[in-house]
Amino acid sequence: MSKLLWKSILAGPAALGATLLVAGAAFAAQPPVKTANPGVSQTMQEVNSLTQADNTIAQVTSVSQLSDVQPTDWAFQALQSLVERYGCIAGYPNGTFRGNRAMTRYEFAAGLNACLDKMNELIQAGDNQVRQEDLAAIQKLEDEFGPELAALRGRVDSLEARTAKLEAQQFSTTTKLTAEVIFGLADASSINGNNNQAVFQSRVRLLFNTSFTGKDLLETRLTYNNAPLFGINAPGTGSVTGEGRLTYQGGTGPVSVDWLAYFLPIGKKAQLYVAAVGGLHSDYLITTANPYNEGYGGGSGALSYFAQDNSIYDIGGGTGAAFSYNFTPVVGFNIGYLAGDDVSSAAVPSNTPGIPGVTSHGNGLFNGGYAGLAQLSFQPFKGNLKIALTYVNAYAAPGSSIFNYGGSGGTGVVGTTLANFPGSGVIGASTGTQTNSYALSASYQFTPHFVVSAWGDYTNARIAHPAALGLVNGTGDIWAYALSLAFPDAFVKGNLAGFIVGAEPYLANSKSIIAGSGNKVPIHIEGYYKFQVNDFISVTPGIIYLVHPDQTSGPGAVIGTIRTTFTF
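The following block contains the structure:
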């Protein structure tokens with residue numbers, strides 16, 4: 142069917158109805174829509190069955206029906222005259238009717254039907270511009286193309302009925318429901334004999350994607366989690382840190398709204414991001430420069446939080462706003478401010494009195510935990526090279542970790558105890574920590590099947606009790622870095638293999654004065670292979686090996702998992 146004919150859809154309801162008639166046969170030939178929703182699937186099957194059955198109506202009965210309507214034919218010239226006089230097909234270039242192009246009988250019938258509807262509207266409105274000779278011409282055309290008109294009108298009636306049924310059964314005209322369900326079979330062996338039993342864990346996320354203009358997006362996510370962390374990292378205690386934390390792990394609890402955010406485009410180059418709950422820096426960034434391994438805490442990328450992107454993006458999160466701007470297709474800029482969903486929640490309008498000898502803290506957007514980010518990104522060579530320069534100024538409120546990923550109070554999502562609570566949590570004090578962090582992230586896609594990514598970040602943290610760590614001043618140096626390889630379509634199209642090695646965030650200048658703490662570099666080694674079973678199911682086995690977990694000198698820890706992800 143000609144692309145120009147589709148333009149006639151814009152002419153109005155009459156032209157739309159006529160064009161739908163022509164589209165019926167093509168629509169029937171399409172395969173059923175893939176969906177995990179049984180109700181939608183059943184309805185689409187009914188529509189396909191109907192249109193396939195209607196093909197029998199459209200079958201030709203004579204050789205003459207296979208011929209085109211030529212511009213020299215009387216019918217073509219008669220309809221062209223009607224179109225020019227009454228404007229019943231306004232979607233063609235310059236208001237003309239096909240020029241010198243021949244038409245199929247069904248295309249001709251669609252145009253004829255549009256003119257019939259237009260003339261009926263004029264007559265019903267009492268308009269006397271409809272001429273008698275035109276009525277005679279349209280009657281003659283209707284007799285000539287009666288079989289095509291009958292077949293196409295019948296198909297439109299059937300499609301309209303089925304469309305009404307679909308609209309009545311749809312979830313919402315503005316909202317689309319998507320979901321991710323993760324089943325994780327995992328086991329871990331730890332240092333000093335703190336071994337865990339094999340566990341079967343799960344997490345369910347329901348995401349409501351709502352658009353009011355077709356360009357904006359309101360994200361509302363409900364989450365149920367039954368995946369507590371392994372107690373493997375702290376020597377001899379069985380307590381946990383963020384090291385080796387799987388992306389679906391986060392404790393247990395009832396269903397809750399863990400993400401509520403709004404994306405609003407501003408022109409063609411800018412975007413505003415507003416988060417009410419659970420906002421993350423990675424939500425609004427133009428790039429994190431770690432394609433394929435990046436999974437945004439979901440079940441599609443790397444196994445662990447550490448492997449999915451630069452650890453600087455795990456500093457802070459919660460409630461706030463951000464702005465993104467693309468100067469050119471290559472150069473972009475992000476700036477954002479997020480206040481923590483932690484013990485000094487942005488939603489609590491109060492001020493907590495200071496504790497003697499401990500830094501005072503409060504609540505609200507500007508008097509509690511926060512993280513302000515600025516990033517400049519470059520994506521030259523058609524986006525194959527990605528570079529990001531990032532700065533974060535943050536304050537981790539008392540009781541909250543530095544790398545809290547949006548409000549984790551008890552432990553960070555990555556890094557050692559000293560890196561998350563330098564000079565405070567490790568000695569039982571309840572003090573906040575001011576930080577300034579700097580990072581460089583880069584990736585290059587050498588081929589469609591091979592991507593190399595690397596990143597590093599440095600955090601300068603104010604230490605509340607430097608003497609307890611053997612420091613001569615009140616600051617600590619926290620480092621993290623990684624190299625990752627990704628192999629899209631490894632062995633089979635749609636599958637993904639990944640390998641990551643690096644150092645999780647650690648306090649580099651600790652002197653091991655605190656019992657149970659050390660000054661070793663904690664190495665993280667991870668490998669995984671994702672089998673994409675179909676469009677909705679993937680299975681990802683993998684292993685993580687931690688060397689010197691929690692900066693200790695003892696033996697390492699091993700985490701093995703098989704992650705199964707269902708999406709619809």
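Following this note's numbering, the numbering of the sequence shown begins with 142 at its first residue and continues without gaps.
Just so you know, even glycine gets a beta-carbon here, dropped at the ideal spot from N, CA and C.
Remember, predicted model here, so these are calculated numbers, not experimental data.
When rounded, the separation of the alpha-carbon atoms in Asp275 and Leu223 is 7 Å. Cβ atoms of Gly639 and Ala443 come within 8 Å of each other, at about 6 Å. Cβ contact annotation for Asn431 (same chain, cutoff 8 Å, sequence separation greater than five): Gln449, Asp450, Asn451, Ser582, Ser584, Ser594, Trp596, Ser625, in chain order.
Rounded to whole angstroms, the gap between the alpha carbons of Asp598 and Lys523 is 26 Å. Rounded to the nearest angstrom, the gap between the Cα atoms of Gln270 and Lys281 is 20 Å. One thing to note: Pro646 has its Cβ no nearer than 8 Å to the Cβ of Asp691. When the Cα atoms are used, Tyr365 and Ala644 turn out to be separated by approximately 31 Å. Pairwise C-beta distances place the region 554-562 out of contact with the region 401-411, as fewer than three of them are shorter than 8 Å. Going by DSSP, Asp268 is part of no alpha helix (DSSP H) at all; its letter is neither H nor E. Counting only the Cα atoms, Tyr478 lies some 26 Å from Gln390.
Restricting attention to beta strand (DSSP E) runs no shorter than 3 residues, the region 350-399 encloses them at 358-368, ordered along the chain. Distances from the alpha-carbon of Ala462 to those of Ile453, Tyr454, Thr469, Ala480 put Ala480 closest. Between Gly458 and Ala417, the C-beta spacing is not below 8 Å. Taking a C-beta distance under 8 Å as the contact criterion, His665 and Glu435 do not qualify as a contact pair. Around the beta-carbon of Pro521, fewer than 16 other beta-carbon atoms lie within 10 Å, marking it exposed.
Look at the beta carbons and you see the region 699-707 touching the region 681-690: at least three pairs across the two are nearer than 8 Å.
Excluding its 5 nearest sequence neighbours in each direction, Phe341 has C-beta neighbours in its own chain below 6 Å: Leu326, listed in chain order. Taken in chain order, the complete beta strand (DSSP E) segments of 3 or more residues contained in the region 516-602 are 526-537, 574-588.
When DSSP states are grouped into helix, strand and coil, Thr681 belongs to the strand group. Out of His590, Thr314, Ala329, Asp399, the CA that lies nearest to the CA of Phe371 is found in Ala329. In this structure, DSSP gives Ser330 an extended state, which the three-state scheme calls strand. Here Arg344 is actually not in contact with Asp399; their C-beta atoms are around 10 Å apart, not less than 8 Å. Looking only at Leu318, Ala339, His422, the smallest Cα-Cα distance to Asn350 is reached by Leu318. As the crow flies, the alpha-carbon of Arg226 is around 10 Å from that of Arg272. Residue environment for Arg242: exposed (fewer than 16 other C-beta atoms within 10 angstroms of its C-beta).
Between Ile453 and Val533, the C-beta gap is smaller than 8 Å, which places the two residues in contact. Under the 8 Å Cβ criterion, the region 530-544 counts as touching the region 571-580, having at least three qualifying pairs. Contact between Leu220 and Leu253 holds: their C-beta atoms lie close to 6 Å from each other, under 8 Å. Checking the DSSP bridge columns, you'll see Pro406 partnered with Gln412.
Spanning the alpha carbons of Ser299 and Tyr247 requires a straight line of approximately 18 Å.
Shortest Cα-Cα distance from Phe353 to any of Ser313, Pro369, Asn367 involves Ser313. Put simply, the backbone Cα of Phe544 is about 15 Å away from that of Arg603. Asp630 sits exposed, since fewer than 16 C-beta atoms from the chains shown fall within 10 Å of its C-beta.
Under the three-state reduction of DSSP, Ser445 is assigned to strand.
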